[in-house]
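For the sequence shown, the residue numbers in numbering that gives the first Met the number 0 are 0 to 136. We treat Cβ as the ideally placed atom computed from N, Cα and C, and that holds for glycine. For reference, the structure discussed in these notes is given below.
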Amino acid sequence: MEKKSIVVVTSIIKNEHWEILLSLRSDPKFPGAHLKRDLPWGKNEFWENLEETVIREVKEETWLDIDIQKMIPTHVFNLRKTEDVHQHTLVFCYKSKRIWWELSCNDPKIKELMRVNIKELSKYDLLVGVEKMLSFL
Numbered sequence: 000m001e002k003k004s005i006v007v008v009t010s011i012i013k014n015e016h017w018e019i020l021l022s023l024r025s026d027p028k029f030p031g032a033h034l035k036r037d038l039p040w041g042k043n044e045f046w047e048n049l050e051e052t053v054i055r056e057v058k059e060e061t062w063l064d065i066d067i068q069k070m071i072p073t074h075v076f077n078l079r080k081t082e083d084v085h086q087h088t089l090v091f092c093y094k095s096k097r098i099w100w101e102l103s104c105n106d107p108k109i110k111e112l113m114r115v116n117i118k119e120l121s122k123y124d125l126l127v128g129v130e131k132m133l134s135f136l
């Protein structure tokens, strides 16, 4: 059985109307994430620092340009087990503001993107760990 460890970086992207960007995940192979609301995220590549990763991944998934404000002083730890792989994932999050706010989904694992007022977040089924990061708003 393969064991691997990955680092994932995500961002809370907020606009001047106190709306944040959420995605609706489409990943039937991972039932814990399928049809859950999530923040834009991506895997840290070998040559990148965390800020480069989050800027690249948000752009790839949503076409948004962001301006990083600060790193959130917490992380989320996930352990995912399948028959073939045990994966240890560390997730780090940044607060960001959008430079351009035209939404366009560019990822097959995202069904939709939406802006949600932070006062309405309780209406949505959030991926495990997202609430912890959003508590820093």
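Contiguous beta strand (DSSP E) assignments of at least 3 residues, all confined to the segment 17–98
Runs of the beta strand (DSSP E) inside the segment 17–98: 18–24, 40–42, 65–80 and 84–97.
Taking all protein chains shown into account, decide if Ser144 is buried (16 or more other Cβ within 10 angstroms of its Cβ) or exposed.
In the structure as shown, the chain begins at 0 and stops at 136. Residue 144 is therefore absent and cannot be evaluated.
Let me check understanding here. Comparing Cα to Cα, which of Lys28, Asp124 and Leu136 lies closest to Lys35?
Residue numbering aside, residue 35 sits at position 36 when the sequence shown is read from its first letter. For the residues Lys28, Asp124 and Leu136, the minimum Cα distance to Lys35 belongs to Asp124.
Give me the Cβ distance between Lys108 and Arg55, rounded to the nearest whole Å; I'm assuming they're in contact under 8 Å.
If you number the sequence shown from 1, residue 108 lands on position 109. If you number the sequence shown from 1, residue 55 lands on position 56. So it is not a contact: roughly 16 Å between Cβ atoms.
By alpha-carbon positions, which one of Met70, Glu47, Asn48 and Gly41 ends up nearest to Glu59?
Locating residue 59 in the sequence shown gives position 60, where the first residue counts as 1. Scanning Met70, Glu47, Asn48 and Gly41 for the CA closest to the CA of Glu59 turns up Gly41.
Could you check what DSSP says for Glu130 in three-state terms: helix, strand or coil?
Here residue 130 refers to the residue found at position 131 of the sequence shown. Helix.
Specify the secondary structure class of Lys110 as computed by DSSP and reduced to three states.
Taking the sequence shown and counting its residues from 1, the one referred to as residue 110 is at position 111. Three-state DSSP puts Lys110 in a strand.
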